[in-house]
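**Student:** Chains as they are written, first to last, in UniProt numbering: chain A, 1 to 366; chain B, 1 to 366. Quick one: the structure is below, questions incoming.
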């Protein structure tokens, strides 16, 4: 590249872009620090005393309050407060506005301004608070935007551009569709985990040690029941219609499963379980080319350092880990590391594991 | 200790004890190699050609076939074949006999010999096959024994003694009670995970990328749906009554949850979710003294080596990890390591993690 080309690329002086973030919790804080690290000036607003000062100290924002001429304002407050704060952002600032709430229909009905599009990043609800703010939280995560027929194209493009700048993979859905999908993949699973957990406790009431049997798969399945109840009250209130519809479908599905078991209809049961197994195996993750990957399962002994050995070994051998999960045995407390690696690395990885006393089981992903 | 004491401890020559294991899969193989490593002579029997030879080569058993004078015979075959093999073991050998099937009522009714007591180790159903045989599989695991009124005390004591020798914590339950409990904590959760998975697939049918939203908590919750369907057909057939009863209770519980959401009854919903959360938090694991432990949550970045760092750091700092899980965020693909450590180590561990760029969140277990 000659000096002319270089000059042309770098010639236009860029004005620093500015963003507002209303609500400096985990999500708001992560958006703010993520944008700052990508060259933005970020103003932050929070009703909790001292939060803005703390956010400035932590380098999460440049200054407190809202910048009226900001290019974009993110509303990252609890679900029930979203509509009010979106209205305020539209009144007090000139740029585009989005929110990050877990339910989208209601806010989309209440805010039909052409400068607003709702959104929902599928990331980060396990850890709480500003101290956990992470500039890379959305890198590789799905971020749903929920345009409506009146949505302004330029607004949508501006907002999705910023989300992509944060590393997110943007998926557009209507607000209703979004709410229906999250009811099935997030809200109803949570209510189901809570119901299963209570069922187990009721069964074990007269003999508490029985819960000792509730290990492994049951622990994985009910873990989401340990989430914060207050968040779920608001979500259930805002997404009531979709949650009820999904609960009805689940109840119908379980009643059908009950009849299949009662009739000892092995063919129907096999079809149901096989279909579910295939769907679970094909659940999309971050993996882009599953046909080139193999799944390595390694039982992890109950001692410190064993998982570390697996990770370190992979790094030592130059084996790239595409995905890593630790799952519990369906029955029992011990873990199994489920690691996805490039198929071309499987022999070297297997050999290294065996040499260190592990017993890997390798399966091609089909 | 003087020479006399040493002599008295070692004076009695011990005849080598002998065990038979029928069925050399993962569980049978682990029992066999576990007993061998504890000084037993082990005979193994398997109908699949070449399995006994392979087991001898691997050091899992001493010899193929059944030893008629064995002290104990373990029957570790698929659920529907258990009763036949228990009968055979009682005919062909003189010692006590137990099986390790996942369902206990039917076999207990069919086998009322005083030399037999059924049992069920809560361990090891994720990995398959003899190659995964692990002498420490049952160390620290719950192993249920299911005596009935006609059970011989000496038989029960002999069998539980051997299970404890393998490191298991033995819990005695009636066969019916066992089957009712595992229906709730294992069988019905499996059927529920499969039903949820199919619901999500049906919803996403016209728009497959929607399953991209099904990450995090949903992945944890449906993972058991990826288990082998054929095993579950037999379990559903053998434990039909208890599974139907538990499915009915779950359906009733979900219908009640539906009404609570429909009525926007926040108090009832809060009570239900809070109760489930407390029960989940108190789920007993391997941890003996939870009041002395703290839970450390550490977000794990999506790169190789991060979890290794956490483990290695703990080992370097002399921090003993009482339990370790990697869980997914309720929404999103990234992991959070949930580590239980001694409360006394929490400051040194936290400091070390922060120094290495992690952001630990520490909670006392109450």
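Beta carbons are placed, not taken as given, at the ideal position from N, Cα and C, and that holds for glycine.
For a test of the three-state rule: what should DSSP assign to residue 377/A, helix, strand or coil?
**Tutor:** With chain A covering only 1 through 366, there is no way to say anything about residue 377/A.
**Student:** State the Cα-Cα distance for the pair residue 353/A and residue 313/A, rounded to the nearest angstrom.
**Tutor:** Position 353 of the first chain, counted from the first residue, corresponds to residue 353/A. Position 313 of the first chain, counted from the first residue, corresponds to residue 313/A. Distance between the alpha carbons of residue 353/A and residue 313/A is about 8 Å.
**Student:** Put residue 40/B into one of helix, strand or coil per three-state DSSP.
**Tutor:** For the purposes of this step, residue 40/B is taken as the residue at position 40 of the second chain. In this structure, residue 40/B counts as coil in the three-state DSSP scheme.
**Student:** Among the residues of its own chain, which have a CB less than 7 Å from the CB of residue 160/B, if the five just before and after it don't count?
**Tutor:** Here residue 160/B is taken as the residue at index 160 of the second chain, counted from 1. Cβ neighbours of residue 160/B beyond the five flanking positions: 145 and 170.
**Student:** Quick test of the definition: if touching needs 3 or more C-beta pairs under 8 Å, does the region 188–196 of chain A touch the region 97–112 of chain A?
**Tutor:** Taking 8 Å as the limit for Cβ pairs, the verdict is that the region 97–112 of chain A does not touch the region 188–196 of chain A.
**Student:** Closer than 9 Å, Cβ to Cβ, to anything on chain B: give me those residues from the region 242–267 of chain A, in chain order.
**Tutor:** So the close ones are 243, 244, 246, 247, 248, 249, 250, 251, 253, 254, 255, 256, 257, 258, 260, 261, 262, 264 and 266.
**Student:** Once DSSP output is grouped into helix, strand and coil, what is the label at residue 356/A?
**Tutor:** Numbered from its first residue, the first chain carries residue 356/A at position 356. Note: residue 356/A maps to coil in three-state DSSP.
**Student:** Going by DSSP, which residues form a beta bridge with residue 23/A?
**Tutor:** The residue you call residue 23/A lines up with position 23 of the first chain. Its beta-bridge partners do not exist; DSSP assigns none.
**Student:** Apart from the five residues on each side of it in sequence, which residues of its chain come closer than 8 Å, Cβ to Cβ, to residue 66/B?
**Tutor:** Mapped onto the second chain, residue 66/B falls at position 66. Correct list, in chain order: 20, 22, 43, 45, 73, 89, 92 and 93.
**Student:** For residue 180/B, which residues in chain A fall below 8 Å Cβ to Cβ?
**Tutor:** For the purposes of this step, residue 180/B is identified with residue 180 of the second chain, where counting begins at 1. 203, listed in chain order.
**Student:** Where in the region 119–202 of chain B do unbroken runs of the beta strand (DSSP E), each at least 3 residues long, occur, reported from the N-terminal end onward?
**Tutor:** Within the region 119–202 of chain B, the complete beta strand (DSSP E) runs of at least 3 residues are 142–146 and 169–172.
**Student:** What residues in the region 139–163 of chain B have a beta carbon less than 8 Å from any beta carbon of chain A?
**Tutor:** Listed by position along the chain: 139, 140, 141, 142 and 144.
**Student:** Is residue 32/B closer than 8 Å to residue 26/B when the C-beta atoms are compared?
**Tutor:** Residue numbering aside, residue 26/B sits at position 26 when the second chain is read from its first letter. Residue numbering aside, residue 32/B sits at position 32 when the second chain is read from its first letter. Their beta carbons are not under 8 Å apart, which means residue 26/B does not touch residue 32/B by this criterion.
**Student:** With burial defined as no fewer than 16 other Cβ atoms inside 10 Å of the residue's Cβ, what is the status of residue 16/B: buried or exposed?
**Tutor:** Taking the second chain and counting its residues from 1, the one referred to as residue 16/B is at position 16. Exposed, since its Cβ has fewer than 16 Cβ neighbours within 10 Å.
**Student:** Can you find a CB in chain B that lies within less than 8 Å of the CB of residue 29/A?
**Tutor:** Your numbering for residue 29/A matches position 29 in the first chain. No, residue 29/A does not count as interfacial toward chain B.
**Student:** Would you tell me roughly how many angstroms separate the C-alpha atoms of residue 260/A and residue 269/A, rounded to the nearest one?
**Tutor:** Here residue 260/A refers to the residue found at position 260 when the first chain is read from its first residue. Here residue 269/A refers to the residue found at position 269 when the first chain is read from its first residue. Using only the alpha carbons, I get a separation of about 6 Å.
**Student:** Give me the Cα-Cα distance between residue 351/A and residue 29/B, rounded to the nearest whole angstrom.
**Tutor:** Stepping through the first chain from its first residue, residue 351/A is reached at position 351. Stepping through the second chain from its first residue, residue 29/B is reached at position 29. So the two alpha carbons sit approximately 22 Å from each other.
**Student:** Closer than 7 Å by beta-carbon distance: list the chain A residues that pair up with residue 185/B, in chain order.
**Tutor:** Taking the first residue of the second chain as position 1, residue 185/B is located at position 185. What residue 185/B touches in chain A: 200, 213, 214 and 218.
**Student:** Count the other CB atoms within 10 Å of the CB of residue 59/B; is the residue buried (16 or more) or exposed (fewer)?
**Tutor:** One-based indexing of the second chain puts residue 59/B at position 59. Per the 10 Å Cβ criterion, exposed.
**Student:** Does the beta carbon of residue 233/A sit closer than 8 Å to a beta carbon anywhere in chain B?
**Tutor:** One-based indexing of the first chain puts residue 233/A at position 233. For residue 233/A, the answer is yes, since a Cβ of chain B falls inside 8 Å of its Cβ.
**Student:** Where does residue 102/A sit, in a helix, a strand or coil, going by DSSP?
**Tutor:** Numbered from 1 along the first chain, position 102 holds the residue referred to as residue 102/A. Three-state DSSP puts residue 102/A in coil, outside helix and strand.
**Student:** Are there 16 or more other CB atoms within 10 angstroms of the CB of residue 37/B, so buried, or fewer, so exposed?
**Tutor:** As a working mapping, residue 37/B is identified with position 37 in the second chain. Residue 37/B is exposed by the Cβ-count criterion.
**Student:** If you draw a straight line from the C-alpha of residue 253/A to the C-alpha of residue 198/B, how long is it?
**Tutor:** As a first step, residue 253/A must be located in the first chain, where it is residue number 253. As a first step, residue 198/B must be located in the second chain, where it is residue number 198. Cα to Cα, the separation comes out at about 9 Å.
**Student:** Within the 8 Å Cβ cut-off, does residue 226/A reach chain B?
**Tutor:** Taking the first chain and counting its residues from 1, one reaches residue 226/A at position 226. Cβ-Cβ to chain B under 8 Å: yes for residue 226/A.
**Student:** Output needed for residue 70/B: all residues of its chain with C-beta closer than 8 Å, excluding positions within five of it in sequence on either side, in chain order.
**Tutor:** Numbered from 1 along the second chain, position 70 holds the residue referred to as residue 70/B. Contacts found: 18, 19, 20, 43, 93, 94 and 95.
**Student:** Can you tell me where the alpha helix (DSSP H) with residue 361/B in it begins and where it stops?
**Tutor:** Numbered from 1 along the second chain, position 361 holds the residue referred to as residue 361/B. That residue, residue 361/B, is in no alpha helix (DSSP H); its beta strand (DSSP E) goes 361–364.
**Student:** Can you pull the chain A residues whose beta carbon is under 9 Å from the beta carbon of residue 359/B, in chain order?
**Tutor:** Translated into positions along the second chain, residue 359/B becomes position 359. The answer, in chain order, is 127, 131, 132, 133 and 134.
**Student:** Given this structure, state the Cα-to-Cα distance separating residue 336/A from residue 190/A, to the nearest angstrom.
**Tutor:** Residue numbering aside, residue 336/A sits at position 336 when the first chain is read from its first letter. Residue numbering aside, residue 190/A sits at position 190 when the first chain is read from its first letter. Computed Cα separation, rounded: 24 Å.
**Student:** Within 8 Å (strictly less), CB to CB, does residue 344/A reach chain B?
**Tutor:** To locate residue 344/A, count along the first chain from 1; it is residue 344. Residue 344/A does not count as touching chain B.
**Student:** Assuming the contact rule is C-beta atoms closer than 8 Å, residue 225/B and residue 280/A should be a hit. Round their C-beta distance to whole Å, please.
**Tutor:** One-based indexing of the second chain puts residue 225/B at position 225. One-based indexing of the first chain puts residue 280/A at position 280. Right, the Cβ-Cβ distance comes to about 5 Å (below 8 Å), so this counts as a contact.
**Student:** Do you know whose CA, among 54/A, 97/A and 102/A, lies nearest residue 68/A's CA?
**Tutor:** Taking the first chain and counting its residues from 1, the one referred to as residue 68/A is at position 68. Of the candidates 54/A, 97/A and 102/A, the one whose C-alpha sits nearest the C-alpha of residue 68/A is 97/A.
**Student:** Which of the three DSSP states, helix, strand or coil, is assigned to residue 67/A?
**Tutor:** Counting from one through the first chain, the residue named residue 67/A turns up at place 67. Three-state DSSP puts residue 67/A in coil, outside helix and strand.
**Student:** So is residue 171/A in contact with chain B if we call contact Cβ pairs under 8 Å?
**Tutor:** Along the first chain, read from residue 1 onward, the residue named residue 171/A stands at position 171. Chain B, which has a Cβ nearer than 8 Å to the Cβ of residue 171/A, makes this yes.
**Student:** I believe residue 100/B touches residue 121/B by the beta-carbon criterion, under 8 Å. Please report the beta-carbon distance rounded to the nearest angstrom.
**Tutor:** For the purposes of this step, residue 100/B is taken as the residue at position 100 of the second chain. For the purposes of this step, residue 121/B is taken as the residue at position 121 of the second chain. Sure, about 6 Å apart at Cβ, within 8 Å.
**Student:** Whose C-beta lies closer than 6 Å to the C-beta of residue 348/A among residues of the same chain, with five residues either side of it excluded?
**Tutor:** Against the first chain, residue 348/A aligns to sequence position 348. Contacts found: 317.
**Student:** Which of the three DSSP states, helix, strand or coil, is assigned to residue 270/B?
**Tutor:** Taking the second chain and counting its residues from 1, one reaches residue 270/B at position 270. Here residue 270/B sits in helix by DSSP.
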